[in-house]
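Trainee:
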Amino acid sequence: MQAWNEVKEVNEEILTKIRKHLSSLKVPGHGDRVRKVECIYSFDTPESPDGLFVSLSNYQGFGSSFVDLDFARSDFPLYLNMRWKKIPKEPKEAKDAEAPTKMAIGVEGGFQVDEEQFEYEKTNFLALLPERILIPLPNQELPELISMVVDGILKASDLTEDEAQVMAWEDKRQVSKYADSLVQVNNGKKISPDPKTWKCEESGMTENLWLNLSDGHIGSGRAQMDATGQMTGGTGAALNHYYEQKRLGNEFPLVVKLGTITAKGADVYSYAADEDDMVEDPKLAQHLSHWGINMMQMEKTEKTIAEMEIDMNNKFDFDKICESGKQLQTLSGPGFVGLKNLGNSCYVNSVVQVLFSLPDFQERFYKKAPEIFQSTSSSASADDILVQTAKLGTGLLSEKYSKPVEGSEGAFVNPQMFKFLVGKGHPEFSTGNQQDAFEYYQHLLEKLELGERAKKGSEPLISKFFEFEIEERLQCKQSGKVKYTQAKEKQLSLLIPLDAATNKDEVQSYEERNAKRQKNEISEADKEEPVKANIPFDACVSSYMKEVIVEDYLSPATGSKGSATKSTRIKRFPKYLCIHMRRYVLGEDWRPKKLDAMITLPETLDLESLRSKGHQPGEELLPEDATSSAAAAGPVPDEAIVRQLVDMGFGENGCKRAALATNNTSAEAAMEWVLQHMGDPDFNDPIAAPSAQAQSGAAVDPDAVEMLCSMGFAKHHAERALRETGGDIQRASDWLLSRVDQLDAMDVEEASQPPPTDSNVDYQPQYDLVGFISHIGSNTACGHYVCHIKKDGKWTIFNDRKVALSEDPPISMGYMYIYQSKGPK
525 MQAWNEVKEV
535 NEEILTKIRK
545 HLSSLKVPGH
555 GDRVRKVECI
565 YSFDTPESPD
575 GLFVSLSNYQ
585 GFGSSFVDLD
595 FARSDFPLYL
605 NMRWKKIPKE
615 PKEAKDAEAP
625 TKMAIGVEGG
635 FQVDEEQFEY
645 EKTNFLALLP
655 ERILIPLPNQ
665 ELPELISMVV
675 DGILKASDLT
685 EDEAQVMAWE
695 DKRQVSKYAD
705 SLVQVNNGKK
715 ISPDPKTWKC
725 EESGMTENLW
735 LNLSDGHIGS
745 GRAQMDATGQ
755 MTGGTGAALN
765 HYYEQKRLGN
775 EFPLVVKLGT
785 ITAKGADVYS
795 YAADEDDMVE
805 DPKLAQHLSH
815 WGINMMQMEK
825 TEKTIAEMEI
835 DMNNKFDFDK
845 ICESGKQLQT
855 LSGPGFVGLK
865 NLGNSCYVNS
875 VVQVLFSLPD
885 FQERFYKKAP
895 EIFQSTSSSA
905 SADDILVQTA
915 KLGTGLLSEK
925 YSKPVEGSEG
935 AFVNPQMFKF
945 LVGKGHPEFS
955 TGNQQDAFEY
965 YQHLLEKLEL
975 GERAKKGSEP
985 LISKFFEFEI
995 EERLQCKQSG
1005 KVKYTQAKEK
1015 QLSLLIPLDA
1025 ATNKDEVQSY
1035 EERNAKRQKN
1045 EISEADKEEP
1055 VKANIPFDAC
1065 VSSYMKEVIV
1075 EDYLSPATGS
1085 KGSATKSTRI
1095 KRFPKYLCIH
1105 MRRYVLGEDW
1115 RPKKLDAMIT
1125 LPETLDLESL
1135 RSKGHQPGEE
1145 LLPEDATSSA
1155 AAAGPVPDEA
1165 IVRQLVDMGF
1175 GENGCKRAAL
1185 ATNNTSAEAA
1195 MEWVLQHMGD
1205 PDFNDPIAAP
1215 SAQAQSGAAV
1225 DPDAVEMLCS
1235 MGFAKHHAER
1245 ALRETGGDIQ
1255 RASDWLLSRV
1265 DQLDAMDVEE
1275 ASQPPPTDSN
1285 VDYQPQYDLV
1295 GFISHIGSNT
1305 ACGHYVCHIK
1315 KDGKWTIFND
1325 RKVALSEDPP
1335 ISMGYMYIYQ
1345 SKGPK
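Following our numbering, the numbering of the sequence shown begins with 525 at its first residue and continues without gaps.
1) Where does the unbroken alpha helix (DSSP H) through alanine 1228 begin, and where does it stop?
2) Would leucine 1146 and lysine 1005 qualify as a contact pair, given that the criterion is a beta-carbon distance under 8 Å?
3) Mind checking who glycine 743 pairs with in its DSSP beta bridge?
4) Measuring only the C-alpha atoms, how far is arginine 1037 from glutamate 1030?
5) Quick check on serine 1047: buried or exposed, where buried means 16 or more other Cβ atoms within 10 Å of its Cβ?
6) Quick check: the Cα distance between tryptophan 815 and serine 700, rounded to an integer number of angstroms?
7) Tell me the rounded alpha-carbon separation between lysine 532 and isoleucine 538.
8) Can you name the start and end residues of the alpha helix (DSSP H) that proline 894 belongs to?
9) Take the Cβ of glutamine 1015 as the centre, count every other Cβ of all protein chains shown within 10 Å, and call the residue buried at 16 or more, exposed below.
10) Looking at the unbroken beta strand (DSSP E) that takes in valine 779, where does it start and where does it end?
11) Specify, as a first and last residue, the run of the alpha helix (DSSP H) that tryptophan 1197 falls within.
12) Rounded to a whole number of angstroms, what is the C-alpha to C-alpha distance between serine 1336 and proline 1060?
13) Smallest Cα separation from tyrosine 1287: which of Asp739, His1299 and Ile1094?
14) Under the assumption that phenylalanine 577 contacts valine 591 (Cβ atoms under 8 Å), give the Cβ distance between them as a whole number of angstroms.
15) For the beta strand (DSSP E) containing cysteine 1311, list its first residue and its last residue.
16) Should the stretch 913-925 be called in touch with the stretch 883-893, which here means at least 3 C-beta pairs below 8 Å?
17) Return the chain-ordered list of same chain residues with a C-beta closer than 7 Å to the C-beta of valine 1166, the five sequence neighbours on each side being excluded.
18) Tell me the residue span of the alpha helix (DSSP H) that contains valine 709.
19) Can you tell me the Cα-Cα spacing of threonine 1026 and alanine 1057, whole angstroms?
20) Got a sec, what are the start and stop residues for the beta strand (DSSP E) valine 792 sits in?
21) With 16 other CB atoms within 10 Å as the buried threshold, where does tyrosine 1309 fall?
22) List the residues that DSSP assigns as beta-bridge partners of threonine 1089.
23) Based on the DSSP secondary-structure assignment, which residues constitute the bridge partners of alanine 651?
24) Let's test the definition: count the other Cβ atoms within 10 Å of the Cβ of asparagine 529 and tell me whether it reaches 16, buried, or not, exposed.
25) Got a sec, what are the start and stop residues for the alpha helix (DSSP H) glycine 773 sits in?
26) Below 8 Å, how does it come out for the stretch 1081-1095 and the stretch 980-998: are there three or more Cβ pairs, yes or no?
27) What does the alpha-carbon distance come out to for the pair valine 872 and proline 1226?
28) Since tyrosine 565 and serine 922 should fall inside the 8 Å C-beta cutoff, what is the C-beta to C-beta distance between them, to a whole number of angstroms?
29) Do you know whose CA, among Phe1296, Val1294 and Pro939, lies nearest valine 561's CA?
30) Can you name, in chain order, every residue of its own chain whose Cβ lies under 6 Å from the Cβ of alanine 1242, other than the five neighbours on each side?
31) What span of residues does the alpha helix (DSSP H) with glutamine 877 cover, start to end?
32) Look up leucine 1329 in the DSSP assignment and give the residues it is bridged to.
33) Report the CB separation of isoleucine 611 from glutamate 645 in whole angstroms; it is logged as a contact under 8 Å.
34) Helix, strand or coil for lysine 544 per DSSP?
35) Look at valine 1109 and threonine 1089 and say whether their C-beta atoms are less than 8 Å apart.
36) With respect to the beta strand (DSSP E) encompassing tyrosine 965, which residues constitute its N-terminal and C-terminal limits?
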């Protein structure tokens, strides 16, 4: 590539060429999209050897390898060339590094992420193509408009930096709706300010005590896991007292943790079913005063819940948790490039690293990246999912970014633009909070499928390499007749049957010792490593294969209700199989809990036993019924699954959504979906009779269409939204808003034949383990994700920006696994 030539004097020939383009220049305004910190096609920045080139026309940033591509497209030759040189800062004194005081990332008092250790010496040039001339700035000889545009770009807010603001995350508490009119009983009780006098009124415990703000009862809280993985003391007496009072007709929901009260506040929890969380009490000082407690004079003697969580996170010394105590060999080079943690983005990093270890991902989004870059305009590239995925693939797999970064052990790139684009418009992934890696895997494949359909490519959709077909066999016990139905999945979700543990006695003995430890019947010094259940993987597969009894099944053969059995097998196997271990279930206290069991998945897997045999000779098929006919218009929720969930206390509409979302697989799968989506705004909305109206193109209310169009939506989009939601204008509006970035792609999908999907290829059910993702923490909304990937026969650990040779990959602790088939059947 030709070198850039810096000129000291601007001659008339150069000025003439510059003046020719002045008419197309304008100073960037508030609504203009300026990208000046990173190339839209690569990870080049102003710190790169040749800096970053920002077009004075479209305000997009380009690395030295891509500025010629933009020039060839636009025929516009003027760019601002920004070059930054790092200068190390003086190291901060240790006393300046304060311990975090709140469960937050990137905000004052929380964890600080990647604080800069450098200052920058910044120089700017006006770059002229194709001559590759650099003119130092500022320069009095240049037209004033050039200086104004350059100054506007330098002062403009950068979109990439704006997107990075999601990194500033804080776990904020809601104000309790019970606080303002809280009932406080005048029973003469007063609470001593001396912590030594506090004890649970039931058990006599002296720690983890909660004061009921309504009647002054002091009870111990529920047992909590500490930073070492052990359970702290707690009998749940405070909660039991709330339930007892509720049974008597009293609503006393707010409790405060004794020992956390200071002039700045305290830990307040609401036991009310519609809150059931840590809350804010604006009248806390008044409520405490009723029991003789002066907030201004109290000192903290116990850790707040946030501080306990922070202790847990501080204990996540990731180098120790991931293959504890081993001196792991740092790796670098193509395919061993790490990813910067943007603040709780380890779930993104882990999923992306595993996917880019697969040959088809590498072929599609690395080897063919130049084709993807060429096919998309510069102005649209930052918002194109295929471009940004190809950019990420190039960063992870090419030589260019594979050398260790200055001041770091290994090489890494910043996936900010990718993370923002994939999460855009999603209620969870658009935030800076920790998320579920498995859900992100599903969401990413959906986004890629939409992007590929919009491009009308000739290759199979990348998502289809993960897709397989399941077949459900239902047998009516009254008539003996059977029914076969098929559905498509992109993951094999397996339950963890704890009753199949091979070390039940050891687990039970440990739990008994731990229970005594919580009651202070044995010394705290006798703490020990937790004993986890060992579950054979075959038991998980058997659980998936077992027949499920369906009660009250209305048989189309007999016309009466009776029982039926249902079982699931795989009809067509995928090239890449994602196995998801359902480690998160609903505990006895109705809270999600983690099944911290050990399941050793084999590195070579044979799932021939899961293959469906299909309709067998001698089997008589059930006749079609009304439900079956309706299935052509849309799926119907399994009544048995819905009833089980309703019996647990969830709304019927939400339970129907859960059954449909999990393809009526099982009550356990639907329950898992409920736990993840019960906070969705439309969770309990009625389910519209879908698809018959949507597919038939039935007429919709013109007034409703006009109202949606007045909100800025196209008429055909408004009509489709109303058909999809049964004509409900509010739900149609929500439907459109939640898909605002997908509408054009959906138009393409409807208007054209989809690309080849590879859906007819059946792969061998023999698989090799490629990689797996592990989760450290009590639930998917907190903790940390890492992944292990097998490369050239050796295991590698990817822990955000750290990449190292793995000595003891924790295969038995994985959350999701990716296997590759040995080939087509």
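Beta carbons: idealized from backbone N, C-alpha and C, even for Gly.
Mentor: Here's the rundown:
1) Start at 1 with the first residue of the sequence shown, and residue 1228 comes out as number 704. First-last of the alpha helix (DSSP H) with alanine 1228: 1226-1233.
2) Numbered from its first residue, the sequence shown carries residue 1146 at position 622. Numbered from its first residue, the sequence shown carries residue 1005 at position 481. Yes, the pair counts as a contact, with Cβ atoms nearer than the cut-off.
3) On the sequence shown, position 219 is the one that residue 743 refers to. Partner(s): Trp734.
4) One-based indexing of the sequence shown puts residue 1037 at position 513. One-based indexing of the sequence shown puts residue 1030 at position 506. Taking the straight line joining both Cα atoms gives about 11 Å.
5) Taking the sequence shown and counting its residues from 1, the one referred to as residue 1047 is at position 523. Reliability of the predicted coordinates at serine 1047 is poor, the pLDDT of 49 falling under 50, and the value obtained from them is presented with this limitation in mind. That one is exposed.
6) As a first step, residue 815 must be located in the sequence shown, where it is residue number 291. As a first step, residue 700 must be located in the sequence shown, where it is residue number 176. For tryptophan 815 and serine 700, the distance between alpha carbons rounds to 20 Å.
7) As a position in the sequence shown, residue 532 is number 8, starting the count at 1. As a position in the sequence shown, residue 538 is number 14, starting the count at 1. In a straight line, the C-alpha of lysine 532 is about 12 Å away from that of isoleucine 538.
8) One-based indexing of the sequence shown puts residue 894 at position 370. First-last of the alpha helix (DSSP H) with proline 894: 893-898.
9) Mapped onto the sequence shown, residue 1015 falls at position 491. It counts as buried.
10) As a position in the sequence shown, residue 779 is number 255, starting the count at 1. Unbroken beta strand (DSSP E) run through valine 779: 778-781.
11) Counting from 1 along the sequence shown, the entry for residue 1197 is found at position 673. Tryptophan 1197 -> alpha helix (DSSP H) spans 1191-1201.
12) On the sequence shown, position 812 is the one that residue 1336 refers to. On the sequence shown, position 536 is the one that residue 1060 refers to. Computed Cα separation, rounded: 10 Å.
13) As a working mapping, residue 1287 is identified with position 763 in the sequence shown. Taking only the C-alpha atoms, the option nearest tyrosine 1287 is Ile1094.
14) Mapped onto the sequence shown, residue 577 falls at position 53. Mapped onto the sequence shown, residue 591 falls at position 67. Confirmed, about 4 Å.
15) To locate residue 1311, count along the sequence shown from 1; it is residue 787. Unbroken beta strand (DSSP E) run through cysteine 1311: 1308-1315.
16) Contact holds: three or more Cβ-Cβ distances are below 8 Å.
17) Reading the sequence shown from its first residue, position 642 is the one you call residue 1166. Within the same chain, valine 1166 has close Cβ partners Glu1176, Cys1179, Lys1180 and Ala1183.
18) In the sequence shown, counting from the first residue as 1, residue 709 sits at position 185. No alpha helix (DSSP H) contains valine 709, which DSSP labels as neither H nor E.
19) Here residue 1026 is taken as the residue at index 502 of the sequence shown, counted from 1. Here residue 1057 is taken as the residue at index 533 of the sequence shown, counted from 1. Taking the straight line joining both Cα atoms gives about 7 Å.
20) Position 268 of the sequence shown, counting from 1, holds the residue named residue 792. Run containing valine 792: 792-794, per the beta strand (DSSP E) assignment.
21) Start at 1 with the first residue of the sequence shown, and residue 1309 comes out as number 785. Burial call: buried.
22) Working through the sequence shown from its first residue, we reach residue 1089 at position 565. In the DSSP output, where bridge partners are listed per residue, threonine 1089 has Gln999 and Ile1073.
23) Taking the first residue of the sequence shown as 1, we reach residue 651 at position 127. Here alanine 651 is bridged, per DSSP, to Tyr603 and Leu658.
24) Looking up residue 529 in the sequence shown gives position 5. Exposed is the call here.
25) Numbered from its first residue, the sequence shown carries residue 773 at position 249. Going by DSSP, glycine 773 is part of no alpha helix (DSSP H) at all; its letter is neither H nor E.
26) yes
27) The residue labelled residue 872 in the question sits at position 348 within the sequence shown. The residue labelled residue 1226 in the question sits at position 702 within the sequence shown. C-alpha separation (whole angstroms): 43 Å.
28) Translated into the one-based positions of the sequence shown, residue 565 becomes position 41. Translated into the one-based positions of the sequence shown, residue 922 becomes position 398. Their Cβ separation, rounded to whole angstroms, is 12 Å, which puts tyrosine 565 and serine 922 out of contact at 8 Å.
29) Mapped onto the sequence shown, residue 561 falls at position 37. Residue Pro939 is the option with its Cα nearest to valine 561.
30) Translated into positions along the sequence shown, residue 1242 becomes position 718. Val1229, Leu1232 and Cys1233.
31) Taking the sequence shown and counting its residues from 1, one reaches residue 877 at position 353. Glutamine 877 -> alpha helix (DSSP H) spans 870-879.
32) Your numbering for residue 1329 matches position 805 in the sequence shown. Its beta-bridge partners are Thr1320.
33) Sequence index remark: in the sequence shown, residue 611 carries index 87 (1-based). Sequence index remark: in the sequence shown, residue 645 carries index 121 (1-based). Between glutamate 645 and isoleucine 611 the Cβ distance is about 6 Å, and since that is below 8 Å, they are a contact.
34) As a position in the sequence shown, residue 544 is number 20, starting the count at 1. Reduced to three states, the DSSP call for lysine 544 is coil.
35) Here residue 1109 corresponds to residue number 585 of the sequence shown, with the count starting at 1. Here residue 1089 corresponds to residue number 565 of the sequence shown, with the count starting at 1. Not closer than 8 Å, so no.
36) Along the sequence shown, one-based indexing puts residue 965 at 441. No beta strand (DSSP E) holds tyrosine 965; the alpha helix (DSSP H) holding it covers 961-979.
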